[in-house]
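Residue numbers (this note's numbering): 8 to 335.
To start, the structure under review is shown below, and the notes come after it.
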């Protein structure tokens with residue numbers, strides 16, 4: 008048995024909406040013979056594609072940033088993202104009818120998302136947003152069958168969603184915005200490692216920016232562990248972490264991970280999809296209070312426009328801006 012997991016985030020930069028960090032865990036019946044990461048796109052090539060251009064009728068599992076369409080197009084901008092996430096979610100479940108009665112809150116609960124208890128996140132709305140359920144059933148059936156033939160299983164898709172209030176409290180406490188990402192990443196790592204303590208899981212994390220050293224942060228997260236640096240380079244950093252009573256973990260931080268590791272690509276899509284669902288709720292709430300308001304994706308420049316547009320509403324509703332707007 009080979010445990011192959013990926014972790015990625017969505018929403019680190021925006022001013023509005025949650026920061027989402029997600030993981031996906033794949034179980035392979037046989038470990039790769041040469042020790043390198045398996046190419047799951049190749050193993051599942053009959054039903055899965057690594058890019059939209061070559062997809063044809065296949066499901067695209069890729070960097071989420073490459074899957075969101077333009078809002079000005081005729082089709083829903085989230086159709087490819089939603090198709091991939093929901094097809095994988097359904098294929099992961101043994102119940103072939105899991106999508107039949109599924110609603111948005113149940114899906115988020117299945118991902119482990121704790122929705123911030125704020126009125127602008129309370130209304131779940133339409134679900135699915137763009138996908139056709141009949142086509143999703145076909146997609147998930149084909150994917151499940153192909154994975155069974157290849158000895159591959161999706162064990163879990165998990166996501167945390169940190170709202171603005173908790174985000175701000177963390178920054179005020181640590182005075183370090185960048186520590187939020189690694190804290191949420193290590194929560195996902197701990198959840199995976201604790202489920203497979205003796206399986207030597209391999210976890211790949213998408214690396215942002217120019218940072219290459221993570222030993223200090225790993226030691227803080229697991230103070231009783233011994234940590235061996237295998238590599239620290241401009242492209243990737245690899246560590247072996249040994250914890251008494253638990254066994255070994257291999258963790259790799261690498262650039263463009265979602266282009267080379269399917270578990271990271273699926274984590275990227277899951278994080279982005281959860282954030283899009285939450286932003287849809289936020290927009291729907293404020294538009295219901297102020298008809299004619301133009302939606303926002305939450306990024307800084309447009310978020311400032313949005314906040315200026317609803318300034319009177321926020322004052323009249325006595326909304327705590329620290330619970331809605333990130334401090335940085």
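Virtual Cβ for every residue (Gly too), placed ideally from N, Cα, C.
Same chain, Cβ closer than 6 Å to residue i, five either side skipped, listed in chain order
i	result
residue 254	204 and 205
residue 9	35 and 38
residue 235	247
residue 47	269
residue 134	110 and 111
Residues that DSSP places opposite residue i in a beta bridge
i	result
residue 27	17 and 168
residue 163	32
residue 307	Answer is none; residue 307 lacks a bridge partner.
residue 315	DSSP, once it has assigned bridges, lists no residue as partnering residue 315.
residue 332	23
residue 9	35
Buried or exposed (CB count within 10 angstroms, at least 16 for buried), residue i
i	result
residue 81	exposed
residue 40	exposed
residue 55	buried
residue 256	buried
residue 25	buried
residue 319	exposed
residue 196	buried
residue 91	buried
residue 140	exposed
residue 159	buried
residue 70	buried
residue 287	buried
8 Å Cβ shell around residue i - same chain, five flanking residues per side excluded
i	result
residue 76	82, 83, 84, 85, 86 and 87
residue 291	130 and 132
residue 126	292
Beta-carbon contacts of residue i that lie in its chain and below 7 Å, excluding the five residues immediately before and after
i	result
residue 231	250 and 251
residue 105	97
residue 317	293, 297 and 300
residue 260	212, 214, 221, 243 and 244
residue 219	239, 240, 241 and 244
Quick check: the stretch 9-22 against the stretch 232-246, are at least 3 beta-carbon pairs closer than 8 Å? no
Along the chain, which unbroken stretches of the beta strand (DSSP E) at least 3 residues long are found entirely within the stretch 227-283? 233-239, 243-250 and 254-261
Within the stretch 20-99, ranges of the beta strand (DSSP E) (whole runs, at least 3 residues): 26-35
Those runs of the alpha helix (DSSP H) which lie wholly inside the stretch 196-221 and span at least 4 residues: none
Is it true that the stretch 22-34 meets the stretch 272-280, where meeting means three or more beta-carbon pairs spaced less than 8 Å apart? yes
Using a Cβ distance threshold of 8 Å, determine whether the stretch 146-161 contacts the stretch 112-121, with at least three qualifying pairs required. no
Using 8 Å as the cut-off, can you tell me whether the stretch 212-226 makes contact with the stretch 165-175, which would need three or more C-beta pairs spanning the two stretches below that distance? no
Unbroken alpha helix (DSSP H) runs of length 4 or more, entirely within the stretch 104-148: which are they? 111-117
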